[in-house]
Every structure is written in C-alpha cells, then in structure tokens.
Amino acid sequence: MNTSLFELFKIGIGPSSSHTVGPMRAALRFVRTLDSDGLIEKTASITVELYGSLALTGIGHGTDRAVLLGLLGEAPDSIDPAKIDSLIAAVRSSQQLQLLGRHPIAFREAEHLLFHRDRMYPDPETPTHPNGLRFTARDIHGDTLTSEVYYSIGGGFIVSAAEFANPGSAKKREVPYPFSSAERLLALANEQHLSIAEIVLANEVALLDEETIVRPQPRDASAVHDGESAVKQSILTLWETMRSCIDRGVATEGTLPGGLNVRRRAAGLARRLARLDEEGRTRDPLAPMDSVTLVAMAVNEENAAGGRVVTAPTNGAAGVIPAIAHFYLHHASHDLSEADKEAGLLRYFLTAAAIGILYKENASISGAEVGCQGEVGVACSMAAGGLVAALGGDNSAIEHAAEIAMEHNLGMTCDPIGGLVQIPCIERNGMGAVKAVNAARLAMNDQGSHKISLDQVIETMYRTGMDMQSRYKETSLAGLALNIIEC
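Per the UniProt record's numbering, the sequence shown starts with residue 1, numbered consecutively.
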C-alpha cells in the first residue's frame, strides 16, 4: 500500500481529474522544477504537447485551460474557481504568460499548446499511457533548456516518464498495516481484530509526516488533539467540501458550458421533490432513491461547470461517494445520535478509501485506460463497501458489497459526447449511486459465502479494460459520442 486516503480524495476543480486536475498539476510541477533548477529566468518559451485521450477530448475537458493555470502557478486545491475565466482571458488577450506568476514569456496557444489528435495511443512520444503530455522549455535562442513527459494516470494522479518506467524507485511509505490485496486486508483485519476502517485510520496516522501528501485543513482545529483526530477532522473537511458542492448543485440553474446546451436539472428536481414531500411524498418507499440520484447529479453538474469538487476517486465519478454519504446521513441513520452519525460517516470514508486504494494500485481509475468501469464503476464499488461499514456491517460484507458493485459495472465504456463530462456522465453517476445502495443491501442480507472475490473482480476489470478498444476509452470516437452527434 503506497496510496493515502487524501490522495484518493482530493479537493480540486472540474470537469475532469485526469484531463483537468492532472494536467494542471503536471504544468505546476514542471515550472516549479524549472524554478528549483535555476532555469525559470532563462526560459523564453514553453511548448506543451498533448497526446492520446488528452489530445482528443482535451478541449471539452478544459485541458488547455488547466495547463495555462498550472504554468501560472495555480494549484487545483487552492485556486478560486470564480477567478479562472479572468486568468485565462488575460493570457489569451495579451498572448503572454507569467510563469509562477512572476516570469513573463510569450504564449500563443496555436504555437505553444499542441493537440496531436492524429496520433493514437500508443504514441512513440508517450508509449506507456493514453494520457501523455510533454513540456519543453526553450531559451531566447530557441535552444532546449529541459523537456519532460508526464502521464495523467487518473484521479488527478501524475507521474513523470521516469517514474512510470521505474515504479520501484518511488519511496516506500511505512505504515503499520500494509496491504496490497483484499485478501491480505481481510486477513490483517482478522489477525488484529480490527475493522477495515480502523486499519486505514492507523495507516493514515502513520503517514501524517509524509510531506508529499496534501491534506485539507481540519474542519475543527480545536478538536485535534492527536493523530487520529487530525485525520478524522481532515476527512470531515472533505465531506464539508462535498456538501458545499451538493448545495451549489441543487441551487444553480442554467445551461452547462461546452456547446451541447445541456440544461442543469438538479435544481428543478430538488424543487419538485421538495414539493412532493410537502404533499406527503415522504411515505413513498422509493423517495430516498430519488434523493440519491438527485445528489449525484447535482455534484456532477457542478463538476461539468468547472466548480469545486472532490475526486472520488475521479471527477467524472465525483457524485457517487457524496450521494451515498448524504443517503446515509439523511435516510439510513435516523435513530442515531449526531456523534454516532459522524462515526458512521468516518467509517464510510475510511472504508471506501481502502477499496479505492486496491483499484488504484492493482488496476486503474482512468477512463482513458479502462473505460468508465474504472471511474463510476470504482466509485460504485467504494460507496457500496463504505455504506456497509457505515451501517455496521462486518469486513466480509464490505468486501462482498464492493465486489457485487463492480461485477455489474464490468465493461462500461467511456464515450462522452463532444469530449464533455456531461452526457452520459451526469446521469451515470446517479445510476452508479443507486446501484451502490443495492449492492450494499444485498451483501448485508446475504450471509452466505460468495463465489467471486473482490481481488478477482478487480483483476477482471483491469483485463477487460485492456481488451477494450481505445475508441471506447475517453476518446469520443465511438459509442454515444459517435452516434449521438447533437443533443
């Protein structure tokens, strides 16, 4: 285990973790390296080249804007979404860019930001992942100062070409309960008489001094008195960010950007459900499912609009985890005290993280690599297992729920119309969230053994993704993206 909960759940901006957050982080890392190497003042120009899925769907995903913001020195977790348009407009009108906000260079997008749409993955320049981008810095004479290839591997994670080629070179993180499979995780839990959530919590406490992990500030600093409380308060900050996203999503109307003219529906659905509740609709046993779908769609409409979201584990699947957290708090914990509700919420996130880490380290969470089964499918699996934990289910039921959820997302393609994270992505989050509830309930009600393990379904998902044609993996060259041209 080499991934932290706070790397899986990251505060950022929409619409895509792999095509927006990742490229922004790559651009920022490149200019910071220029600075630390003493090259930034010598830099007269930077050329950015995008390959594979980044080239084919980058405009719809805001990759061009993300690269500019990263070069300016902006980070996904701290940038104010309200200022993005003005920052981009200033660069485009002046055709000049201030590296790290201080060193001016000429930047004309037609010349310095190149989308290689005619070069399908695997490309000789970026042969190891479909989300490749190259940064090249040159001096006033046009001579190359330095050049670096990065890969945006899903969920906002980035690696350099050297890191990708030598994964063993990464510093190993020391934790008390390392696990690399669900089988080992369950064995550890049984040996130590711990829940999965307790194992992840102990590991996160051990990682508190790891400087490469960016954690959100504690929700309540006065409640931090030891390592465990520090981790818990940072998790609660993630939830507050998700909840704010929900609130904005259900309150905002209008049309989403990008040219498809997709109408934001969450606000209207929220009003309709509120009106039906006033008329006694709360007696409808399916009303909670309406709420689950609404919340998931609200979050992903905010994501599609470029708002503040939390990767969970990606932006394209960012609605599932908060939708099930909301379901737990508002529909599945009526008889609990506020303290017990919060404890259940923390179990939910810690357990979901364990499941997400298994997918991240043993398969992929990149739609460009394995299709949407690696995004909404993984989020559904995480949420199902997390919900079982929140409701007090045992470790075996958690593993079972996570397996069921992924089993019925296998083979799901990533075919966004127009390269936008809108159709089918927004509704798909609602469907994924409802499926997570079903998987959790089935696992908790079924006390028998199950034939397929979580490890087996993770391996199956990855192999299925590798067998899937690239046209169906975030290229907008097939599926709905090809057959439904106008909406």
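All C-beta atoms in this analysis are idealised placements derived from N, C-alpha and C, irrespective of residue type, glycine included.
N- and C-terminal bounds of the beta strand (DSSP E) containing L145: 144-154
Indicate whether A137 and I59 have their beta-carbon atoms separated by less than 7 Å. no
Looking only at its chain, what residues have a beta carbon closer than 8 Å to the beta carbon of Y472, apart from the 5 residues adjacent to it on each side? G371, T413, C414, D415, A478, G479
Helix, strand or coil for L276? Go by DSSP, reduced to three states. helix
Go ahead and label I13 buried or exposed: buried means 16 or more other beta carbons lie within 10 angstroms of its beta carbon, across all protein chains shown. buried
Could you please give me the residues that DSSP links to T47 through a beta bridge? T136
With DSSP collapsed to three states, give me the class of D123. strand
Starting from Q98, follow its DSSP beta bridges and name the residues at the other end. P104
If you run the structure through DSSP and keep just helix, strand and coil, what is V421? coil
Report the option in E375, L420, L68, L186 whose CA atom is closest to the CA atom of V31. L68
Any chance you could list the alpha helix (DSSP H) runs of at least 4 consecutive residues sitting entirely within the stretch 350-387, in chain order? 367-370
Assign H193 to buried or exposed, taking buried as 16 or more other Cβ atoms, counted over all protein chains shown, within 10 Å of its Cβ. exposed
S366 and I235: beta carbons closer than 7 Å? no
Quick check: the Cα distance between A27 and E148, rounded to an integer number of angstroms? 10 Å
Reference A443; option with closest CA among T252, G52, A401, Q469: A401
Identify, in the order they occur along the chain, each residue of the same chain with its Cβ nearer than 6 Å to the Cβ of L50, setting aside the five sequence neighbours on each side. G58, F115, L133
Looking at C-alpha atoms only, which residue of Q95, E109, A75, A197 is the closest neighbour of D394? A197
So, helix, strand or coil for F179, using DSSP? coil
Following the continuous alpha helix (DSSP H) through V295, name the residue where it begins and the one where it ends. 287-304
Are the Cβ atoms of M382 and I355 separated by less than 7 Å? yes
Among the candidates H326, G465, T126, whose CA atom is the shortest distance from the CA of M242? H326
Going by C-alpha to C-alpha distance, which of F107, V421, G52 sits closest to R92? F107
Quick one, are the C-beta atoms of I213 and F6 less than 7 Å apart? yes
What separation, rounded to the nearest whole angstrom, lies between the Cα atoms of I40 and A161? 21 Å
Classification of P76 by the beta-carbon crowding that lies within 10 angstroms, buried from 16 upward: buried
Three or more beta-carbon pairs under 8 Å between the stretch 166-177 and the stretch 77-86, yes or no? no
Delimiting residues of the alpha helix (DSSP H) encompassing I321: 320-331
Excluding the 5 residues preceding and the 5 following A405 in the sequence, name in chain order all residues of the same chain whose CB lies nearer than 7 Å to its CB. C380, S381, A384, K435, A436, A439
Suppose you measure from the CA of C487 to the CA of Q456; what does that come to, to the nearest Å? Residue placement at C487 is poorly supported in this model, since its pLDDT is 44, which falls under 50; the coordinates still yield a value, given next. Between C487 and Q456, the C-alpha separation is close to 39 Å.
Could you name each continuous beta strand (DSSP E) segment of 3 residues or more that falls completely within the stretch 460-486, going from the start of the chain to the end? none
So, for I84: in the same chain, excluding its five sequence neighbours on each side, which residues have a beta-carbon less than 6 Å away from its beta-carbon? none
Between the stretch 309-320 and the stretch 14-21, do at least 3 Cβ pairs fall closer than 8 Å? yes
Would you tell me roughly how many angstroms separate the C-alpha atoms of P178 and A353, rounded to the nearest one? 14 Å
State the Cα-Cα distance for the pair I88 and L454, rounded to the nearest angstrom. 44 Å
What does a CB cutoff of less than 6 Å around A397 pick up in its chain, not counting 5 residues either side in sequence? V388, A443, M444
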